[in-house]
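Before any comments, here is the structure.
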Amino acid sequence: MTSPNPFLQLDRQMVGDIYTSSEVMDNLTILCDEFGSRFGGTPGEKQAADFMQAKLVEYGLQNVHLEPIQYEGWRRGEVKLEVISPVYQEIPCITLPHSPACQLEGTLIDLGDGAPDDFEARAADIQGKIVLTTSEVRPKGSSRWIHRMEKHGRAVVAGAAGFIFVNHYPGFGPATGGIGHNGASLIPGISVALEDGAYLQRLIKRHGEVTIRLTSTDECAPMVSWNVIGELPGRQHPEQLIMLGCHYDGHDISQGATDPASGTVALLEAARVLAAYAAADLPVTVRFALWGVEEIGLIGSTQYVAQHADELTNLRFYLNMDMAGSLPNKGIVLNKWPELEPILAGWSAEMALPFGVEQSINAHSDHYPFLMAGAPTGGIGSVGGPPRGGRGYAHTRYDTLDKTDITSLREAAVLAARLALRMADAAGAGSWPARRRSQEVVADLLENPENKEEEAFFARLDAFYRQARRER
Ligand SMILES: [Zn+2]
């Protein structure tokens, strides 16, 4: 049974266009094969920003512009990891973004999957050593997701001399991810494949003391990135906003095809069809944002939220689209907005498009600065399918164009365009119940044991960095 659909004509135009055009895959091919990783500080990053700006203009969006972002960036140099005792062996590795240049010799300590309790219990042994831990996100004894940044941070505060991140999936090579803290990490961090990490763990187990030498020539330096912004102005309440956002920078070791570019091009495609068919009917403004330098600390979106603080009360919803064009079981993950669930369920019925809705809070993409500022937020996420096994190819050198397919890109673009149309309509009619939260309500929301432990740790890490930088 299909519910009556007041947007049937527009839906048919937008969906029909997306499914009869190759534009979304053409754009993905250009972003990946012409501009490479688009990592902060690479030539391809600016080329991608200029390309997307030109696309938004071509599609008929308005107020299209770049917003520059000043930040402390990082450039990969050479790296060499050698086991020097009890055997000699060179091990392939990559440094993690914001790892400082180093010449380091030290002994290894194996923290296994990196459970917070183990870091606490073994703090005295960690001092001065090089911590080895896997990328397992749910270490034994931990009820919550433990992010790389926390494991690395726990090594830093325990006084480790270095950090080795071991991929917990075989055959994927080393997994990358930033370890900076508004600039260079205090200790070098590298990543190795599961197979090489397992070898190091076996050596530690058999010999007790394993000494390595790590040499790297990475550089930290002030850099500029760009957020790319364009919009379709509202006809009745232009000051009210619905926003769609996705970052466009990938990690420098790959094309970042699934993470993030599958979402980046789905956003561009939604912008294209909304501009072509719905622009005259939008009562409120729909704004599109392509964020710079997400991968090394949500830098572009964080700056945007700070610089556009006066607009956030009028922001009715921010929809994040990171990786959206490569997720199975696409649905909507709301950041604890239960009042929106019945509305989305009603739309799912009228759209004749079953999609799941979940509620959760996490800090690891561009919705987060908006969430912290109280704005209603959510994102396209994997909802209701079998549990996903980590990031897959994302953050490895194998996140390349061949891992994507046009059907998944189209699904994400269709979901985003049809929902943005309805959100704008509901906001214009005053029937969209989400309103900006106060800072007290935001704080209460994070007040649960899981978030509390993580937040308390990152506050401690913050203080540790402030102190360490004062002493330098
Ligand atoms: Zn991403």
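Going by our numbering, the sequence shown opens with residue 127, and the numbers climb by one from there.
Yeah, the Cβ is synthetic: ideal placement off N, Cα and C, and Gly gets one too.
Q) Since T260 contacts G323 with CB under 8 Å, what's their CB separation in whole angstroms? A) 7 Å
Q) In this structure, does DSSP put W417 in helix, strand or coil? A) strand
Q. Which first and last residues belong to the beta strand (DSSP E) in which E345 is found?
A. E345 to L358
Q) Across which residues does DSSP place D236 in a beta bridge pair? A) L258
Q: Could you tell me the boundaries of the beta strand (DSSP E) in which F443 lies?
A: L441 to N446
Q) Less than 7 Å between the CB of E420 and some heavy atom of ligand 1, yes or no? A) yes
Q. Taking just the CA atoms, how far does L466 sit from L157?
A. 34 Å
**Q.** Cβ pair D525, H373 closer than 8 Å
**A.** no
Q. For T411, is the classification buried or exposed, using 16 other Cβ atoms within 10 angstroms of its Cβ as the cut-off for buried?
A. buried
Q | Own chain, CB closer than 8 Å to L136, minus 5 neighbours either side, in chain order | A | Y403, A404, D407 and L547
Q) Do the segment 359-372 and the segment 559-568 make contact, defined as three or more Cβ pairs closer than 8 Å? A) no
Q | Within the segment 195-234, ranges of the beta strand (DSSP E) (whole runs, at least 3 residues) | A | 205-211 and 215-217
Q: Report yes if the C-beta of P386 is less than 7 Å from at least one heavy atom of ligand 1; otherwise report no.
A: yes
Q: Would you check if the segment 418-426 and the segment 176-188 touch, i.e. whether three or more CB-CB distances between them fall below 8 Å?
A: no
(Q) For H333, which residues in the same chain have their Cβ closer than 7 Å to its Cβ, ignoring the five residues on either side in sequence? (A) P212
Q. Can you find at least 3 beta carbon pairs, one from the segment 179-193 and one from the segment 271-287, that sit closer than 8 Å?
A. no
Q. How big is the Cα-Cα spacing for L258 and E335?
A. 13 Å
Q: Please report how far the alpha carbon of G167 lies from the alpha carbon of A520, in whole angstroms.
A: 20 Å
Q) Does any CB atom of chain C fall closer than 8 Å to the CB of V391? A) Judged by its chain identifiers, the structure shown contains no chain C, having just a single protein chain.
Q: Please indicate yes or no: does the CB of S351 lie closer than 7 Å to some heavy atom of ligand 1?
A: no
Q. At a cut-off of 7 Å, is S491 close to ligand 1 when judged by its beta-carbon and the heavy atoms of the ligand?
A. yes
Q) Are the beta-carbon atoms of V621 and I469 separated by less than 8 Å? A) A query on residue 621 cannot be resolved here, the shown segment of the chain reaching from 127 to 598 and no further.
(Q) Would you say the beta carbon of H278 is closer than 7 Å to some non-hydrogen atom of ligand 1? (A) no
Q. Is H273 near ligand 1, in the sense that its beta carbon is under 7 Å from a heavy atom of that ligand?
A. no
**Q.** Cβ contact (3+ pairs, closer than 8 Å) linking the segment 386-395 and the segment 263-276
**A.** no
**Q.** Own chain partners of G500 with C-beta closer than 8 Å, once the 5 adjacent residues on each side are dropped
**A.** L438, R562, R563, S564, Q565, V567 and V568
Q.
Is H373 close to ligand 1? I mean its beta-carbon at under 7 Å from any heavy atom of the ligand.
A. yes
Q) Going by other Cβ atoms of all chains shown within 10 Å of its Cβ, with 16 needed for buried, is V540 buried or exposed? A) buried
Q: Identify which residue in A543, G240 and G232 has its Cα closest to the Cα of G254.
A: G232
Q: Tell me whether K277 is buried or exposed, calling it buried when 16 or more other Cβ atoms sit within 10 Å of its Cβ.
A: buried
Q.
Per the DSSP calculation, F289 is bridged to which residue(s)?
A. V257 and G315
Q) Are the Cβ atoms of E216 and I338 separated by less than 8 Å? A) no
Q.
I believe I144 touches V399 by the beta-carbon criterion, under 8 Å. Please report the beta-carbon distance rounded to the nearest angstrom.
A. 6 Å
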